[in-house]
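Input: a single structure, listed below in structure tokens.
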Amino acid sequence: MSENFNFKIEKKLPGKLGRAGKITTPNGEINTPSFVVVGTKATVKAMTPEMLKSLGAQVVLANTYHLYLQPGNELVKKAGGFAKFMGWQGPTMTDSGGFQVFSLGAAFGEHVSKVAKAGDENRKKVEDGGTGNKNKLAKIDEDGVTFRSHINGDQHRFTPESSMQVQWDLGADMIFAFDECTSPQATHEYQKEAMDRTHRWAMRSLVAHEKLDPENIQALFGVVQGGRHEDLRKESAKALAEMKTENGSMFDGFGIGGSFDKDDMGTAVAWVNESLPEEKPRHLLGIGDPIDVFLGVENGCDLFDCVAPTRVARNGSLYTKNGPIHITNAAYRADFSPIEEGCQCYTCQNYTKAYLAHLFHAKEILANTLASVHNVYFIVNLVHKIREAILEDKFFEFKEEFIKGYSIK
RNA sequence: GCGUCGGUGGCGGAGUGGUCAAUCGCAAUUGACUGUAAAUCAAUCGCCUUCGGGCUACGCAGGUUCGAAUCCUGCCCGGCGCA
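Below you can see the structure in the form of structure tokens.
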């Protein structure tokens, strides 16, 4: 770890892998655990950076593939990096494009989530991980991934080296090694194959990053894979934890990627985190349902990012401590109370459910903003409260109380 | 008054003798969404159902036909034209 990047553990959860700490980056500090807001195309959809700041967001994550395609990493570099480009003052991250290997590859055109639910057992197993179908927009080979742009069909290629270059241009404080996010439908055999390839790509990412950024201004996180399998998850965590270039460069932190079973996400995360070095931060990639966040923190994750709060908000689902509500339901048309009594967010302080329901039914653009403000506030604040609970030795009570309330429905 | 065109499910609007409870769009109802292909997508949307099916329906009333939303007659209503 360099002087640019630092992680300090402030307090550990007794008997568990969880901890509260502080990450220092060139653009500011992050109190962890923390929820990272997703701003894929250098914008958190429907929200301004000012809104994000005022509701307590500490970090924004943008996407390498999307910004590479549009407006192009060169342009973002000229703008001074994506943070400056979008007007965000504070720490940032970029995802490597590895998730698009999944979303435009194995998952393209399928109804597959990276989180498999209990009812999905009879999902078909896919020998090639689901990537073989020729209608997919992403194809994997040993060297990298060929994408067809989802915007206009243009062909593009990503390799570990090019991902590092694009991420360097985008200029985030924390970046990820190029990896392959696998489908939960993939067989153990394919998960193993993909994991090994991800490890080779991880080494290449380390080497490429070392050349591009000798001062180590950007912290590079390796991404653990292995799907739902204990042996692979542990193997992956150990391999990345020990990975070192000839010049001695190692990962500054770790992402936990790939697919999970909804039911034992906490267990899978624990397999990984018990195999990773304690002193480096861990980011649980793409996970952010309220209950999942508790499991992630308890089992040793420091950072989370997820599109769910904003996407779900735009589609009319709003978080409450008693579980999410669907604001377009007929029941809320004349409900003049806030989304949640006592919620301190801008939306709840100023608007009623009936008004939000009206905005959604009328397809008014403000609906997206107000709903996103509430959901992002909810999840950012929830993780913040989890942190406080750890510091005050009240984590387990807080967790139990929250889950009890959230699961009422 | 005469002529003419038209009256279809909450709305718009297809259908012009059988495979029509009726294409499609909207509205409505419900659900999904976890490193954003996403202000998206899915299901339901006459009544009843043991989910096999049953019943009532295309302005109203008759008629032709094995069979009618579709053809004929009358009536009612609306648009347009002429008086």
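Mapping the first sequence onto the working numbering, position 346 (from 1) lands on 346, and the numbers just tick up by one. Every residue, glycine too, gets a C-beta built ideally from N, C-alpha and C.
For this session: With a threshold of 16 other CB atoms inside 10 Å of the CB of Gln-155, please say whether the residue is buried or exposed.
Result: Counting Cβ neighbours within 10 Å, Gln-155 comes out exposed, since fewer than 16 surround it.
Exercise. According to the neighbour-count rule (16 or more other Cβ atoms, all chains shown, within 10 Å of its Cβ), is Gly-248 buried or exposed?
Worked result: So Gly-248 ends up on the exposed side.
For this session: Report buried or exposed for Gln-89, applying the criterion of at least 16 other Cβ atoms within 10 angstroms of its Cβ.
Result: An exposed status is given to Gln-89, since fewer than 16 other beta-carbon atoms sit within 10 Å of its beta-carbon.
Problem set entry | Member of Asp-169, Gly-171, Phe-251 whose CA lies at the smallest distance from the CA of Met-203 | Of the listed residues, the one whose Cα sits closest to Met-203 is Phe-251.
Problem set entry | Cβ neighbour criterion (16 or more within 10 Å) applied to Glu-235 | The residue in question, Glu-235, is buried, as its Cβ has 16 or more Cβ neighbours within 10 Å.
Exercise. What is the DSSP secondary structure of Asp-213, reduced to helix, strand or coil?
Worked result: Asp-213 carries a coil assignment under DSSP once its states are collapsed to helix, strand and coil.
Exercise. Smallest Cα separation from Leu-170: which of Gly-97, Lys-12, Ile-30?
Worked result: Measuring from the Cα of Leu-170, the nearest candidate turns out to be Gly-97.
Exercise. Along the chain, which unbroken stretches of the beta strand (DSSP E) at least 3 residues long are found entirely within the segment 237-273?
Worked result: Taking 3 residues as the shortest admissible run, the segment 237-273 contains the following complete beta strand (DSSP E) segments, listed from N- to C-terminal end: 253-256.
Problem set entry | Identity of the residue in Glu-215, Gln-218, Val-126, Met-86 nearest Ser-183 by Cα | Checked all of Glu-215, Gln-218, Val-126, Met-86; the closest Cα to Ser-183 is Val-126.
Exercise. For Gln-167, does the three-state DSSP call read helix, strand or coil?
Worked result: Assignment of Gln-167 by DSSP, reduced to helix, strand and coil, places it in the helix class.
Problem set entry | Supposed close pair Lys-238, Phe-7 - CB separation, criterion 8 Å | About 20 Å separates the beta carbons of Lys-238 and Phe-7, which is beyond the 8 Å limit, so they are not a contact pair.
For this session: Measure the C-alpha to C-alpha separation of Thr-347 and Pro-160 and round it to an integer number of angstroms.
Result: Each residue's Cα considered, the two are about 42 Å apart.
Problem set entry | Residue span of the beta strand (DSSP E) that contains Leu-220, given as start and end | It spans 219-224 - the beta strand (DSSP E) in which Leu-220 sits, taken as one unbroken run.
Exercise. Below 8 Å between beta carbons: does that hold for Phe-147 and Ala-177?
Worked result: Cβ distance not < 8 Å, so Phe-147 and Ala-177 don't count as in contact.
Problem set entry | Entirely enclosed beta strand (DSSP E) segments - the segment 280-311, minimum 3 residues | Here the runs fully enclosed are 282-284, 303-306.
Exercise. Taking contact to mean at least 3 C-beta pairs separated by less than 8 Å, is the segment 62-74 in contact with the segment 322-332?
Worked result: Result no; under three Cβ-Cβ pairs closer than 8 Å.
Exercise. Taking DSSP as the reference, what is the three-state secondary structure of Asp-173?
Worked result: DSSP places Asp-173 in coil when its eight states are reduced to three.
Exercise. Smallest Cα separation from Ala-313: which of Gly-129, Gly-266, Lys-134, Leu-370?
Worked result: Of the listed residues, the one whose Cα sits closest to Ala-313 is Leu-370.
Problem set entry | Cβ neighbours of Val-115 in the same chain (closer than 6 Å, five flanking residues each side left out) | Phe-260, Lys-262.
Exercise. Would Gly-342 pass as a contact of Ile-327 if the rule is Cβ separation under 8 Å?
Worked result: No, they are not a contact pair.
Exercise. Beta-carbon separation of Ile-386 and Lys-11 under 8 Å?
Worked result: No; because the gap between Cβ atoms is not below 8 Å, this pair is not in contact.
Exercise. Mind checking whether the beta-carbon of Thr-24 lies closer than 7 Å to any heavy atom of the ligand SAH?
Worked result: This structure lacks the ligand SAH; in fact it carries no ligand of any kind.
Exercise. Taking the alpha helix (DSSP H) that Leu-52 falls in, what are its first and last residues?
Worked result: Unbroken alpha helix (DSSP H) run through Leu-52: 49-54.
Exercise. Buried or exposed: Ala-270, going by 16 or more other Cβ atoms within 10 Å of its Cβ?
Worked result: Buried, by the Cβ-count rule.
For this session: For Arg-200, count neighbouring C-beta atoms within 10 Å of its own C-beta (all shown protein chains included) and say buried if the count is 16 or more, exposed if not.
Result: Exposed is the call here.
Problem set entry | Beta-bridge pairing of Arg-140 - partner residues as DSSP gives them | What sits at residue 140 in the sequence shown is Ile, not Arg. DSSP lists Val-145 as the bridge partner or partners of Ile-140.
Problem set entry | the segment 50-64 contacting the segment 12-20, beta-carbon criterion three pairs below 8 Å | Below 8 Å, too few C-beta pairs join the segment 50-64 and the segment 12-20 to call them touching: fewer than three.
Exercise. Can you find at least 3 beta carbon pairs, one from the segment 26-42 and one from the segment 356-370, that sit closer than 8 Å?
Worked result: Between the segment 26-42 and the segment 356-370, the count of C-beta pairs closer than 8 Å stays below three; the two stretches do not touch.
For this session: Kindly indicate the opening and closing residues of the beta strand (DSSP E) around Phe-35.
Result: 34-38 is the span of the beta strand (DSSP E), which, as asked, contains Phe-35.
For this session: Pick helix, strand or coil for Asn-63, following the three-state DSSP scheme.
Result: If DSSP states are grouped into helix, strand and coil, Asn-63 belongs with the strands.
Problem set entry | Nearest candidate by alpha-carbon position, reference Thr-245, set Gly-266, Glu-397, Phe-85, Lys-211 | The shortest C-alpha separation from Thr-245 is found at Lys-211.
Exercise. Where does the unbroken alpha helix (DSSP H) through Gly-405 begin, and where does it stop?
Worked result: It spans 395-406 - the alpha helix (DSSP H) in which Gly-405 sits, taken as one unbroken run.
Exercise. Can you tell which of Phe-99, Gly-288, Val-224, Asp-289 has the C-alpha that lies nearest to the C-alpha of Lys-192?
Worked result: The residue with the shortest Cα to Cα distance from Lys-192 is Val-224.
For this session: Classify Phe-7 as helix, strand or coil using the three-state DSSP reduction.
Result: DSSP places Phe-7 in strand when its eight states are reduced to three.
For this session: Within 10 angstroms of the Cβ of Gly-72, are there 16 or more other Cβ atoms? Answer buried if so, exposed if not.
Result: By the neighbour-count criterion, in which 16 or more other beta carbons inside 10 Å mark a residue as buried, Gly-72 falls on the exposed side.
Exercise. Tell me the DSSP bridge mates of Gly-28?
Worked result: Answer by DSSP bridge pairing, in chain order: Thr-25.
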